[in-house]
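Read through the structure below, which is laid out as structure tokens, and then see the notes.
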DNA sequence: AAATTATAATTAGGAACCTAACTATATAGG
DNA sequence: CCTATATAGTTAGGTTCCTAATTATAATTT
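Protein chains in written order, with full-length UniProt numbering: chain A, 1 to 188; chain B, 1 to 188.
Written out as structure tokens, the structure is:
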């Protein structure tokens, strides 16, 4: 019986400190092995979470992106422009078009032409879409809460703080390459 | 000039505490808003990191997966079976086949038939593959280190601990559905 | 020994997100 | 006015990873 297929994040897939050390030693680099371990673990956790999330939402006939779009729409009184959605979700407008296509096909949102600007199309949350969100809310939020269930309230605050700074670190790395910084990363 | 396209993780894309509270209040759920915030932020961070990682590796003509395969190969004396690689990387064998295809095309690995078992094909790190790893090591590890550069040594330990428990939480959620646990998650 | 079953790798096709090119509309400059 | 340029959304095609089916070889069962 091959139920191993389900368990992707095997113990083998988790990078260890000795592994990080070995890699650094091989090239005689002046790098903190633990820093490498933290970064590697975070990458592994990110991939794992992304995968788990898709499985979670698929039980409601949604994907992570499509749920997030619906939730954002709900947060903005049930009507938004695709470009706003793209900005809120942190994805491209092309991606939003695809998300809307499927949600519209499934009757969870609808498109409407804007009267003010002929280029714009409003996206509206349908009654069915609102119902879907209402129905999945308890289970969904319980799922999210369970994710951090092994952390105490205090630990959650600490984690949030540390994660925020790591996120900042990542942003700095990706922005670095654009030689014209927008000026909002001020700490030298 | 539209260099905004590069900066995907806009300030708007980061979920806030008030947003989490609003969502929970809407359905009168007995859920800790901060827990939702932590979970949401982690998901956002995971996506951001995944994206940043692809950009990082693309500068060396690699993807995250292909780099990880090369690095794992190096860790195992330059020779492994595809099935071992799949397990170590936490991806399916089908994915590994695809990764090897491109790495082989680019001359970074080679395939060899196993003498012992006719079903197996060994994957070998070529000299060119080893050279690639050697060349990118300084920049790559510096990149990883910079990611957690805003954290002190002590904070890295704390972060590692908390992240580990969140990871456990996620694993528990995904395994939950398979009614026959493998019994290797022993700490009750 | 032959037939069944398991395993290793691959192939085929799908989902999510991307970039770049395109269409339609709006705005600005001469 | 009317051409040039910017913007909103979409379309086309690529990448990464997945699941399910397929092929080839090994192990097991009768």
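All residues carry an ideal CB built from backbone N, CA and C; glycine is no exception.
Quiz item: Which word fits residue 118/B, buried or exposed, when buried means at least 16 other C-beta atoms lie within 10 angstroms of its C-beta?
Solution: Residue 118/B is exposed by the Cβ-count criterion.
Exercise. Could you tell me how far apart the beta carbons of residue 74/A and residue 133/A are, in whole angstroms, since I believe they sit closer than 8 Å?
Key: Their Cβ separation, rounded to whole angstroms, is 6 Å, which keeps residue 74/A and residue 133/A in contact under 8 Å.
Self-check item: Rounded separation between residue 8/B and residue 21/A - CA only
Solution: Legend: pLDDT at residue 8/B = 41, less than 50; position of this residue unreliable, value from coordinates given subsequently. One C-alpha to the other measures close to 33 Å.
Quiz item: What is the DSSP secondary structure of residue 175/B, counted as helix, strand or coil?
Solution: The answer is helix: DSSP assigns residue 175/B an H, G or I state.
Quiz item: Between the region 97 to 116 of chain A and the region 56 to 69 of chain B, do at least 3 Cβ pairs fall closer than 8 Å?
Solution: In short, these stretches do not touch, since the Cβ pair count stays below three.
Quiz item: In terms of alpha-carbon separation, which member of 155/A, 79/A and 103/A lies closest to residue 124/A?
Solution: Of 155/A, 79/A and 103/A, the residue nearest in Cα terms is 79/A.
Self-check item: Between the CA atoms of residue 107/A and residue 144/B - distance to the nearest angstrom
Solution: Distance between the alpha carbons of residue 144/B and residue 107/A: 44 Å.
Quiz item: Taking one C-beta from the region 36 to 51 of chain B and one from the region 80 to 87 of chain B each time, how about it: are there three or more such pairs within less than 8 Å?
Solution: They do not touch, by the three-pair rule.
Practice problem: Compare the Cα-Cα distances from residue 121/A to each of 100/A, 129/A, 141/A and 136/A and report the closest residue. | Solution: Cα-wise, what sits closest to residue 121/A is 100/A.
Practice problem: Decide if residue 44/B is buried, meaning its Cβ has at least 16 other Cβ atoms within 10 Å, or exposed. | Solution: With 16 or more other Cβ atoms within 10 Å, it is buried.
Quiz item: If you draw a straight line from the C-alpha of residue 170/B to the C-alpha of residue 37/A, how long is it?
Solution: Rounded to the nearest whole angstrom, the C-alpha separation of residue 170/B and residue 37/A is 19 Å.
Practice problem: Note down, in chain order, each residue of its chain lying with its Cβ closer than 6 Å to the Cβ of residue 81/B, except the 5 sequence neighbours on either side. | Solution: Answer for residue 81/B: 120, listed in chain order.
Quiz item: residue 172/A to residue 153/A, Cα distance in whole Å?
Solution: Those two C-alpha atoms are separated by around 29 Å.
Exercise. Determine the extent of the beta strand (DSSP E) in which residue 113/A is found, giving its start and end residues.
Key: If you look at residue 113/A, you'll find it in the beta strand (DSSP E) that goes 109 to 113.
Quiz item: residue 145/B touches chain A at which residues, Cβ-Cβ below 8 Å?
Solution: What residue 145/B touches in chain A: 31, 32, 35, 36 and 39.
Quiz item: Leaving out five residues before and five after residue 25/B in sequence, what residues of the same chain have Cβ atoms less than 7 Å from its Cβ?
Solution: Excluding sequence neighbours, residue 25/B sits near nothing in its chain.
Quiz prompt | Closer than 8 Å to chain A by CB, residue 141/B | solution = Contact with chain A is found for residue 141/B, since one of that chain's Cβ atoms lies less than 8 Å from the residue's Cβ.
Quiz item: Hey, is residue 19/A's beta-carbon within less than 8 Å of any beta-carbon in chain B?
Solution: By the rule that beta-carbons nearer than 8 Å mark a contact, residue 19/A touches chain B.
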